[in-house]
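K.L.:
The listed protein sequences derive, respectively, from chains F and V. Note that the first sequence covers residues 650 to 964 in the numbering used here. Note that the second sequence covers residues 10 to 362 in the numbering used here. Glycine is no exception: its CB is placed at the ideal position from the N, C-alpha and C atoms. Structure below; questions to follow.
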Amino acid sequence: MLRFVIRRLGALAATLLISSFLIFAAMYAAPGTPESFLVQGRTVSPEVLASIRAQYGLDDPFLLRYWNWLSGVLTGDLGESLTTRQDVASLLLSRIPTTLWLTLYAAVIIVVFGVLAGAIAGLRGGAFDTAVLLGSSVGFAIPTFFAAVLLMSMFSVTLGWFPVFGAGAGFADRMAHLTLPAVALALPAAAVVARITRTAVVEERGAEHVSVALARGVPWRVVARRHIVRNAMLPVTTIVGVNIAALVAGAAVVEHAFTLDGIGAMLINSVQQKDFAVVQAIALVLVAVFGVVNLVIDVLYAVIDPRVQFGGESA
Amino acid sequence: MNVLELDDVRLDLPSKRGDRALLRGVSLSLAPGEALGLVGESGSGKSMTLRTVLRTEPPGARVTGRVLLDGADVRGLDAAALRRVRANDVTMISQNPRAALNPVLRVSQFLVEGLCDARGESRDAATRRARDLLARVGIADVDRCMGSYPHQLSGGMLQRVVIAAAVASSPRLLLADEPTTALDVTTQSEVMAILDGQRREHGMAMLFVTHDLELASAVCDRIAVLYAGEIVEIATPAQLHAAPRHPYTRLLLDSRPSITARASELPVIPGRPIAAYEVEGGCAFAARCPWAAPRCERDEPALVHHAGRATRCLRSDELADELAGETPGETSGETSGETTGEPVRDRETEATT
């Protein structure tokens with residue numbers, strides 16, 4: 650298993666290297682230049698422009714600029730923001746907690762409500778099942794930004810239950826501030842997870858080992874837990890993992906809508922300002938998070954399904 | 010009192026084109042410790058008969074008639090009482106052991122849950138018993154087997170595990186649904202021997218479903234032959250082999266390939282087996298029966314009990330001698346020719362040149 654993890658971490662490093670190049674190239678090829686954003690439409694003499702370009706190394710060849718940036722990253726120096734002149738690493742560190750809490754909160758909502766609703770729907774059937782099916786269709790169909798606006802107008806403006814914006818300080822206040830954003834963020838993924846869980850549970854219910862267990866006199870609640878839901882978790886784990894990994898990227902929209910100061914909102918601003926160093930750093934973080942979450946899921950999968958072997962180590 | 014008594018059990022399964030009858034009135038009884046074989050072609054209703062006992066028939070199926078277990082009707086039990094019967098009195102062995110075990114649970118968990126969760130025994134006692142049972146069904150390395158997952162064991166090993174689980178509660182009745190069909194031939198006889206040994210040791214009655222008349226004859230006290238959802242003949246293996254009283258039984262016996270004589274062509278029963286819901290009055294077997302008379306198409310035969318055996322045939326008395334002897338259409342000359350092997354060899358040389 651250790652070999653499997655090490656090999657996967659190696660693959661993740663390779664993925665990061667390739668994506669760093671793609672991200673760098675995409676920013677390079679995108680229209681607009683950083684210096685035109687810096688001067689913000691003012692008429693500036695060509696000499697000043699040239700000095701700015703020289704200062705940031707914007708006239709260097711593409712590959713040299715990429716190499717300069719990459720070697721900085723490898724030594725822990727993520728560069729300096731073009732717009733704020735701050736160190737990117739410390740800028741990121743100050744923004745990460747909000748995003749981390751937001752995505753964790755959303756992940757908990759996905760797991761608890763998505764899996765629970767799906768499992769109960771699959772086991773019970775009837776009206777609850779129909780409600781979950783309908784609800785998941787609606788949840789999946791509503792775009793995140795629209796859900797954000799809807800939740801804000803209902804629970805913050807009309808009912809006044811939750812604060813409208815900001816991230817809050819301290820645990821309780823933070824949770825209160827993050828509830829609506831987390832719900833908005835989790836909604837589509839929870840809908841998908843609920844539906845997949847329901848299907849998996851219904852399918853597992855029809856398995857022969859389930860009817861055999863019942864025919865042996867094993868009580869229904871034990872069969873439901875040990876034979877139906879547990880086995881149904883195999884496909885569900887994969888879906889939950891992919892959806893949680895994607896949350897970090899989806900956080901951008903929600904943070905923007907709720908004016909939270911996370912890295913998602915920061916990413917949107919930086920892209921608009923062509924702030925190379927910040928965009929690249931955030932993009933790398935997103936790729937790394939996606940890779941690590943998937944690795945965790947793969948390891949978890951092998952733990953819950955004894956039939957899974959770690960990548961060809963033994964037959 | 011009989012362990013099991015089925016009284017006019019009918020089973021209808023609703024389908025898009027109306028209800029389909031799968032069982033058309035099955036009646037049988039099983040004394041304590043007795044082994045009864047249920048034999049018939051696919052779709053004759055043998056598995057369905059078995060499933061009505063533990064009420065594991067497909068959802069939506071409508072069952073009428075009485076299924077008496079030690080005199081109490083199983084069909085009328087509430088959920089809790091049914092669960093107690095399943096945990097204590099009747100156990101079932103199914104065809105494919107690989108599908109019967111949860112693939113992500115260890116063998117120990119499978120065995121223990123039948124004693125612990127189903128019967129409320131302590132986990133420690135259940136584990137000790139499980140180990141003991143595995144040793145009794147001939148598993149050499151009990152520790153390794155207990156810790157294994159189903160995919161790590163062979164089909165034969167798994168069926169032993171299932172047998173161990175089935176006898177664990179010392180049930181009064183064992184339902185075996187083709188327990189060796191999914192196994193290879195050498196394992197089949199081993200598993201069958203273990204099953205038979207355990208049954209005798211625990212003094213259990215057994216309802217044994219199989220399509221293998223030979224196998225049923227070897228292990229059963231009596232055999233019931235099913236056709237199209239009803240019993241056409243019940244007799245001891247010796248009676249059946251010496252003198253079948255129903256044409257269908259006769260043809261079943263004939264369609265077994267013989268080891269001593271090399272047949273030019275395996276004899277088959279003409280026509281195709283019909284399903285219970287296709288029967289439209291008269292004898293269900295009439296369409297395929299070489300001895301069918303006009304009245305067989307018209308009158309429905311009843312199961313007539315006579316001298317310890319029962320037959321459902323209008324002509325069983327007049328055909329008695331004929332059924333006990335040669336098959337119609339097969340002259341003795343042909344048969345002797347086949348035993349010498351001459352015609353067969355001719356055909357083979359033709360085929361190779």
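Quick check on M155 of chain V: buried or exposed, where buried means 16 or more other Cβ atoms within 10 Å of its Cβ?
P.N.:
Reading the second sequence from its first residue, position 146 is the one you call residue 155 of chain V. M155 of chain V comes out buried.
K.L.:
In whole angstroms, give me the CA-to-CA distance for V911 of chain F and H876 of chain F.
P.N.:
Taking the first residue of the first sequence as position 1, residue 911 of chain F is located at position 262. Taking the first residue of the first sequence as position 1, residue 876 of chain F is located at position 227. One point to set straight first is that residue 911 of chain F is Gly, not Val, in the sequence displayed. Their backbone Cα atoms lie some 41 angstroms apart in a straight line.
K.L.:
Who are the neighbours of D126 of chain V on chain F, taking C-beta pairs under 7 angstroms?
P.N.:
For the purposes of this step, residue 126 of chain V is taken as residue 117 along the second sequence, with counting starting at 1. Those within 7 angstroms of D126 of chain V in chain F are V867, P868, V871.
K.L.:
Quick one: residues in its chain with C-beta nearer than 8 angstroms to the C-beta of R307 of chain V, no 5 flanking neighbours on either side, listed in chain order?
P.N.:
Counting from one through the second sequence, the residue named residue 307 of chain V turns up at place 298. Correct list, in chain order: G290, G291.
K.L.:
Between I278 of chain V and A70 of chain V, what straight-line distance do the alpha-carbon atoms span, to the nearest angstrom?
P.N.:
Along the second sequence, one-based indexing puts residue 278 of chain V at 269. Along the second sequence, one-based indexing puts residue 70 of chain V at 61. Rounded to whole angstroms, I278 of chain V to A70 of chain V spans 30 angstroms at the Cα level.
K.L.:
Mind listing the chain V neighbours of P955 of chain F? Cutoff is C-beta to C-beta under 7 angstroms, in chain order.
P.N.:
Within the first sequence, numbered from 1, the residue matching residue 955 of chain F stands at position 306. The answer, in chain order, is V113, Y158.
K.L.:
Going by Cα to Cα distance, which pick from F:L731, F:S668, F:R652, F:T692 is closest to Q921 of chain F?
P.N.:
Taking the first sequence and counting its residues from 1, one reaches residue 921 of chain F at position 272. Comparing Cα positions, the closest option is F:L731.
K.L.:
Within the chosen definition, does the segment 875 to 894 of chain F reach the segment 141 to 153 of chain V through at least 3 CB pairs nearer than 8 angstroms?
P.N.:
Short answer: they don't touch.
K.L.:
Starting from S860 of chain F, find everything on chain V with Cβ-Cβ shorter than 7 angstroms and list it in chain order.
P.N.:
In the first sequence, the residue the question calls residue 860 of chain F occupies position 211. Chain V residues near S860 of chain F: T65.
K.L.:
At a CB-CB cut-off below 7 angstroms, which residues of chain F make contact with S56 of chain V?
P.N.:
Numbered from 1 along the second sequence, position 47 holds the residue referred to as residue 56 of chain V. Within chain F, no residue comes near S56 of chain V; the closest Cβ sits about 13 angstroms away, beyond 7 angstroms.
K.L.:
Just checking, does the segment 896 to 906 of chain F make contact with the segment 213 to 222 of chain V on the three C-beta pairs under 8 angstroms criterion?
P.N.:
Touching, no.
K.L.:
Could you check whether the Cβ of E852 of chain F sits closer than 8 angstroms to any Cβ belonging to chain V?
P.N.:
Here residue 852 of chain F refers to the residue found at position 203 when the first sequence is read from its first residue. It does not: the Cβ of E852 of chain F has no partner Cβ on chain V nearer than 8 angstroms.
K.L.:
Please work out which residues of its chain come closer than 7 angstroms, Cβ to Cβ, to I759 of chain F, disregarding the five sequence neighbours upstream and downstream, and give them in chain order.
P.N.:
As a working mapping, residue 759 of chain F is identified with position 110 in the first sequence. Contacts found: A835, A838, A839, V842, V889, N892, I893.
K.L.:
At a cut of 8 angstroms, does the segment 232 to 251 of chain V reach the segment 47 to 61 of chain V through at least three beta carbon pairs?
P.N.:
In short, these stretches touch, since the Cβ pair count reaches three.
K.L.:
Under a CB-based cut-off of 8 angstroms, is H968 of chain F close to chain V?
P.N.:
Because chain F spans 650 through 964 in this model, residue 968 of chain F falls outside it and cannot be assessed.
K.L.:
Cβ closer than 8 angstroms: which chain V residues qualify as neighbours of N943 of chain F?
P.N.:
Sequence index remark: in the first sequence, residue 943 of chain F carries index 294 (1-based). Under the 8 angstroms cutoff, chain V gives no residues; its nearest Cβ is about 21 angstroms from N943 of chain F.
K.L.:
Cα-Cα, which of V:H160, V:Q118, V:M213, V:A295 is closest to V957 of chain F?
P.N.:
Locating residue 957 of chain F in the first sequence gives position 308, where the first residue counts as 1. When only C-alpha atoms are compared, the closest one is V:H160.
K.L.:
Of the residues F:F939, F:V941, F:V934, which one's Cα is nearest the Cα of A738 of chain F?
P.N.:
Against the first sequence, residue 738 of chain F aligns to sequence position 89. Cα-wise, what sits closest to A738 of chain F is F:V934.
K.L.:
Kindly say whether A864 of chain F, judged by its beta-carbon, lies nearer than 8 angstroms to any beta-carbon of chain V.
P.N.:
Taking the first sequence and counting its residues from 1, one reaches residue 864 of chain F at position 215. Interface residue, yes.
K.L.:
Looking at the C-beta of T189 of chain V, does it have a partner C-beta in chain F at a distance below 8 angstroms?
P.N.:
Within the second sequence, numbered from 1, the residue matching residue 189 of chain V stands at position 180. No, its Cβ sits nowhere closer than 8 angstroms to a Cβ of chain F.
K.L.:
Over the uninterrupted alpha helix (DSSP H) stretch that includes S668 of chain F, give me the two end residues.
P.N.:
Here residue 668 of chain F corresponds to residue number 19 of the first sequence, with the count starting at 1. It spans 651 to 678 - the alpha helix (DSSP H) in which S668 of chain F sits, taken as one unbroken run.
K.L.:
Taking the alpha carbon of T747 of chain F as the point to measure from, which residue in F:Y950, F:A914, F:D924 has its own alpha carbon closest?
P.N.:
Mapped onto the first sequence, residue 747 of chain F falls at position 98. Cα-wise, what sits closest to T747 of chain F is F:A914.
K.L.:
Classify G280 of chain V as buried or exposed, calling it buried when 16 or more other Cβ atoms lie within 10 Å of its own Cβ.
P.N.:
Counting from one through the second sequence, the residue named residue 280 of chain V turns up at place 271. G280 of chain V comes out exposed.
K.L.:
Could you tell me the boundaries of the beta strand (DSSP E) in which I243 of chain V lies?
P.N.:
Counting from one through the second sequence, the residue named residue 243 of chain V turns up at place 234. Segment 239 to 244, the beta strand (DSSP E) holding I243 of chain V.
K.L.:
Mind pulling the chain V residues with CB within less than 7 angstroms of N880 of chain F?
P.N.:
Counting from one through the first sequence, the residue named residue 880 of chain F turns up at place 231. The answer, in chain order, is N111, V113.
K.L.:
Return the residue from the list V:I172, V:V72, V:L222 that minimises the CA-CA distance to A109 of chain V.
P.N.:
Indexing the second sequence from 1 puts residue 109 of chain V at position 100. That would be V:I172, whose Cα lies nearest to the Cα of A109 of chain V.
K.L.:
Under the rule that 16 or more other beta-carbon atoms within 10 Å means buried, what is H314 of chain V, buried or exposed?
P.N.:
For the purposes of this step, residue 314 of chain V is taken as the residue at position 305 of the second sequence. By the neighbour-count rule (16 or more Cβ atoms within 10 Å), H314 of chain V is not buried but exposed.
K.L.:
Are the beta-carbon atoms of L772 of chain F and A873 of chain F separated by less than 8 angstroms?
P.N.:
For the purposes of this step, residue 772 of chain F is taken as residue 123 along the first sequence, with counting starting at 1. For the purposes of this step, residue 873 of chain F is taken as residue 224 along the first sequence, with counting starting at 1. Closer than 8 angstroms, so yes.
K.L.:
Indicate whether the contact test is met: 3 or more Cβ pairs, each with one atom in the segment 101 to 115 of chain V and one in the segment 848 to 859 of chain F, closer than 8 angstroms.
P.N.:
Cβ pair count under 8 angstroms is three or more, so yes.
K.L.:
Check the DSSP bridge columns for Y236 of chain V and list the partner residues they point to.
P.N.:
Taking the first residue of the second sequence as position 1, residue 236 of chain V is located at position 227. According to DSSP, Y236 of chain V bridges with V:E239.
K.L.:
Which class does F711 of chain F belong to by DSSP, given the choice of helix, strand or coil?
P.N.:
Start at 1 with the first residue of the first sequence, and residue 711 of chain F comes out as number 62. F711 of chain F: helix per DSSP, three-state reduction.
K.L.:
Quick check: what's the CA-CA separation for P106 of chain V versus E130 of chain V?
P.N.:
Taking the second sequence and counting its residues from 1, one reaches residue 106 of chain V at position 97. Taking the second sequence and counting its residues from 1, one reaches residue 130 of chain V at position 121. Straight-line Cα distance between these residues: approximately 24 angstroms.
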